Amino acid sequence: MDELINKLKSEIIEVLKLEDIEHDDIDAEAPLFQEGLGLDSIDALELIVLLEKNYGLRIEDSKDGRKVFFSVKSLAEYIRLHNKG
Amino acid sequence: MIENYKISNSIIIGQNKILLDGEAVFAEEQDVQLPDFLKNAYRNFEIKEPKFFKMDLLCKLAFLSAELLLQKNNIAEKYVKDEIAVILSGASSCLNIDLKHYDSIVDKENYFPSPAVFVYTLPNIMLGEICIRHKITGENIYFNSQKFSPELLHSYGIAILDEKKASALILGWVEVNLAGTVFESFVCLVENDHSINNNNFVNFETYNLNKLYQNLEKMKWTS
Amino acid sequence: MEKENGTSKRLITMNESIYIAGHNIVSPLGLTTEENFEKLKQGISGLALLEDELYSRIPIYASKIDDDLLDAEFETYHNPFLYTKFEKILILSAKKAIESTQININEKTLFVISSTKGNIELLDNEKRNKFGEERLQLWSSANLIKEIFHLQNEPVIISNACISGVAAIAYAKRTLLSSDYENAVIIGADILTEFVISGFQSFQAISSSPCRPFDADRDGISLGEGAGCLILTKNRENSLKPEITLEGCSFTNDANHISGPSRTGDGLAKAIENALDDSVNVSRNDIDFISAHGTATPFNDEMEALAFGLTNLTHVPLNSLKGYYGHTLGAAGVLESIITIETIRQNTLIKSIGYEKSGVSVELSVITETNTKTINAALKTASGFGGCNGALIFRKND
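Here it is in C-alpha cells:
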C-alpha cells in the first residue's frame, strides 16, 4: 500500500506540474482539494485522466471523483479495490 | 481635448535575453531551450506563482513579460482595475500547445486528451493568466497577425483610451512558434500623460512602438 | 487607416451612428439568414446525433453543415476542392452578405475575422500536405480573404475564445468611429473538429442529449459549426430597413479562473453595465430581448443568470440559440448577433429550445413559445475561456 501511495505522489506531482512540491510535502491523508495542495477543477479532471491512463480505471462522473480523490490515501484504496491485478 | 499618452515601460524577451526598459536584466546561454529559459527566469526573479508551471509556453512568456513590467511599475495599483486593458498579439496563436493536444488524440490506441492541455488551446488564455495574477478586470483582446503590427495595436489602443474604455494599457506582441523553438515578446505599459511624472517617456505612437520592437531584431544580430 | 501624426488629428466621432448594412449566416439551418430564421421560427434545430469516429469516439449531438450542400453552393463562386471547410464557410458567408448590400468593397472597407481555431484540422498530416503548412496559421485566412475580395488593407483577426465574435464587432465599431473607414465586414467562423470535441470531452462538458440552456436538467454543451458575416456602415443610406444601429459594446475579464466561470457573475454584469453606459440611445428599461450565451453547462448558465439579476434584467424575454446551433465558438458572437438583429427587425421572439424548467438560482424570463412582440432594443452577451465576457446592444432606429 505504501508503495502505491509513493507512486501516486510522484505521479500527481508530475501530472499536475506541482514543480515546487516535494514528495514528502504531500501528506497522504490530507485533503487534496480546498486545503492541502489546493487543487482546482482542472486538476480534478486531470486526475480522472491519470486514473484511466495509468490504472485503467474510469470515473464517468466527476462528482464520484470527489470521494475517490479526497486524499492520496483514498485514491490508493480505490485503486487497490478495483484493480484485481 | 486630445489627451497625450506615453509608453512608460517596455520589456523585450528574445534570444534567451530579457531587456527591461532597455536594460539587460537576465540572460541564458544560447543552447538553453525555451522551457528551461522560462523556468530559470521565473526562479531568478523570485516570482511566487505555483500555477506558472501549469501554463503552456505562450502563457509563461506572456505572464513573465507582464510580471516584470508590473514589478517595475505596478499599474494594477495605480489604476482602477477595470480600466486597465490588455491588448496582445502574435503570429502563431497557440499552435505550440495545439500540437500537444493533437498528439494526445491522434493515436487511437493511446488516446488521452488532457483538460490541462486543452484549456491552453486558445491564444487569449495568456490574457486571462495576466488578469488573474494582477486582478485586472478590464478589456482584453488578442489579435493574430503574420508580423508585429504597431499600426494595429496603436490605433486600437488610442481608440479605447480616447473613448475612456481604458485608462492604461498592457499592450504588445507575444509569440511562440509551432515547434516552440522561436519565441519573442515585446510588451509595454501605456499611461495617460497626467499620471506620470517622467518627461523621458516616449509618446505612445506607432513609430515608437516599432522602434522599441526593433530591439528584438537587433538582439538577433548581437547573439 | 489611422491618422498618423499622433498629436492632433485623431478623429473622435463617438456620436456617429453605426448601422447594420447586411448580414448572412451559413449553418446547418441554411446558407442565408432568411433560411436560418425561418427554421428557427419553425422550431427546427440543427443538432443531430453525430456518429462519426473522425469527430468523436462516442456518438454526440452536434450541429454539422452538410458538405455536399456547402460545396454545391460554394462552387458557384470558386472551386470547392481548393479550400478547407473553414475557408469555404468563411468566404461564402462574406460573399452572400456583401451581395445582399449596396456596399462597395474598397480601401474604406475594414474586414475583421473572428475564429478560435481556424484551420486547426490541418494539424492532420495528410490535410497539411494537401493545403500546405502555412494554411494552418490564422493569418493565412486573412491573406486568403484579402486575395479573394481584392482588398488593399489587411483583414484584422481576433481570436478571443467564445467572445471572439462579440469582440470583433466591438473592435469594428470602435475602428469605424476613429478612422476613415466607412464600412466593416465582420466574419466569424469555426468548424466542428475532433480537436475541439475531444477537448471538451476531457472536460466532461459535452451533454448527453441536445443541450438544454438554463434548464434544470442541463448537463453540458453541444458543439456546432457555422459562419456569420455582419456588415456595419457609417452611411445611413446603406442601412437595412428598418434601420438597426449598433449601440454600446463592452468586454471585461473575471480575473478568476481560466476555464471556470465566475461564481458571482460580476464580470459579465460589468460588461452589460458598461455597454448600457456606452449606449447614448438605450437605457436599461429599453431592453426588450436578451440573446444570452447560454452554453448549457451548469456553471455558465448560473453565472449568466446571476449577472442578469445584478443588472435588473430578469424580466426581459431571453433565449439561448445553442439549442439550435450548438456552440459555434468563434462564429457564435457574430451568428447570434445576426439572429438578434433579425429578432428586432421581425419583432419575433424565438423560443429557447431545450428549456422546460428553470435550473438557475435567479428567475429569468426564458422564452418558451415563439411569438411576435415589438422589440426596440436587444442585448447580446457572451462569455468564454480565459474569463472573458462581452456585451453588445442593438437598437431599432425609428
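Chains as they are written, first to last, in our numbering: chain A, 6 to 90; chain B, 963 to 1185; chain C, 10 to 407.
Glycine included, each C-beta is placed from N, C-alpha and C at the ideal position.
From a predicted model like this one, the values you see are computed outputs, not experimental measurements.
Would you please state the rounded distance, in angstroms, between the beta carbons of S1076/B and S211/C? I believe it to be under 8 angstroms. 6 angstroms
CB contact check: T261/C to chain B, cutoff 7 angstroms: yes
Show which residues of chain C have a CB atom less than 7 angstroms away from the CB atom of G984/B. The premise fails here: G984/B is roughly 22 angstroms from chain C at the closest Cβ pair, so nothing lies under 7 angstroms.
Roughly how many angstroms separate the alpha carbons of G396/C and L1178/B, rounded to a whole number? 31 angstroms
By DSSP's criteria, K1165/B is part of a beta bridge. Which residues make up the other side? Sequence inspection shows Asn at residue 1165/B; the Lys mentioned does not correspond to that position. For N1165/B, which the question treats as bridged, DSSP gives the partners K968/B.
Note the first and the last residue of the continuous alpha helix (DSSP H) segment covering F102/C. As written in the sequence, residue 102/C is Ser, which differs from the Phe given in the question. From DSSP, the alpha helix (DSSP H) with S102/C extends over 94-108.
Contact under 7 angstroms by Cβ, S102/C with A236/C: yes
Put L37/A into one of helix, strand or coil per three-state DSSP. coil
From G342/C to I122/C, what does the alpha carbon distance come to, in whole angstroms? 12 angstroms
Relative to the C-alpha of S150/C, which residue among K139/C, R137/C, V165/C is closest? V165/C
Using only the heavy atoms of the ligand NAP, determine whether one of them is closer than 6 angstroms to the beta carbon of N1170/B. Inclusion of the ligand NAP in the displayed structure is not the case, the ligand content being empty and no account of it being possible.
Going by C-alpha to C-alpha distance, which of A1121/B, N1139/B, A1024/B sits closest to A1062/B? The question names Ala, yet the displayed sequence has Lys at residue 1062/B. That would be N1139/B, whose Cα lies nearest to the Cα of K1062/B.
Look up L62/A in the DSSP assignment and say whether it is helix, strand or coil. coil
Could you pull out every residue in the same chain whose Cβ sits closer than 7 angstroms to the Cβ of G39/C, ignoring the five residues on either side in sequence? N45, K48
Suppose contacts are defined by Cβ-Cβ distances below 7 angstroms. Is L401/C in contact with I178/C by that definition? yes
When the Cβ atoms of the region 285-304 of chain C are set against those of the region 324-332 of chain C, are three or more pairs found closer than 8 angstroms? yes
Is I415/C close to chain B? Criterion is C-beta to C-beta, closer than 7 angstroms. For residue 415/C there is no data in the structure shown, the boundaries of chain C being 10 and 407.
Taking Cβ-Cβ distances shorter than 8 angstroms, what residues in chain B pair up with Y411/C? Only positions 10 to 407 of chain C appear in this structure, which leaves residue 411/C out of reach.
Determine whether the Cβ of N1086/B lies closer than 7 angstroms to any Cβ atom of chain C. yes
Roughly how many whole angstroms lie between the Cα atoms of Y28/C and K1126/B? 22 angstroms
Taking the C-alpha atoms as reference points, what is the distance between L996/B and G52/C? 52 angstroms
Do the CB positions of L21/A and D48/A come within less than 7 angstroms of each other? yes
Would you say S392/C lies against chain A (beta-carbon separation less than 7 angstroms)? no
Does the pairing of the region 371-382 of chain C with the region 144-162 of chain C give three or more beta-carbon distances under 8 angstroms? no
Is the CB of R227/C under 7 angstroms away from at least one CB in chain F? Although the question refers to chain F, the structure presented lacks it and instead comprises the protein chains A, B and C.
Neighbourhood of D80/C by C-beta distance below 8 angstroms, restricted to the same chain and skipping five residues each side: P89, K97
Quick one: is G339/C near chain A, going by C-beta distance under 7 angstroms? no
Nearest CA to the CA of E130/C: which residue from V1079/B, D1060/B, A1130/B? D1060/B
With DSSP run on the structure shown, which of helix, strand or coil describes N406/C? coil
Mind checking whether I230/C and A314/C have CB atoms under 7 angstroms apart? no
Should I27/C be flagged as near chain B, meaning a C-beta pair shorter than 7 angstroms? no
Host alpha helix (DSSP H) of H1096/B (start-end): 1087-1096
Measuring CB atoms only, is the region 175-191 of chain C touching the region 1109-1128 of chain B, in the sense that at least three cross pairs come out at less than 8 angstroms? yes
Three-pair Cβ contact test at 8 angstroms for the region 65-76 of chain C versus the region 253-272 of chain C: no
Mind listing, in chain order, the continuous alpha helix (DSSP H) runs of no fewer than 4 residues lying wholly within the region 94-182 of chain C? 94-108, 134-140, 147-157
Mind checking who I253/C pairs with in its DSSP beta bridge? K405/C
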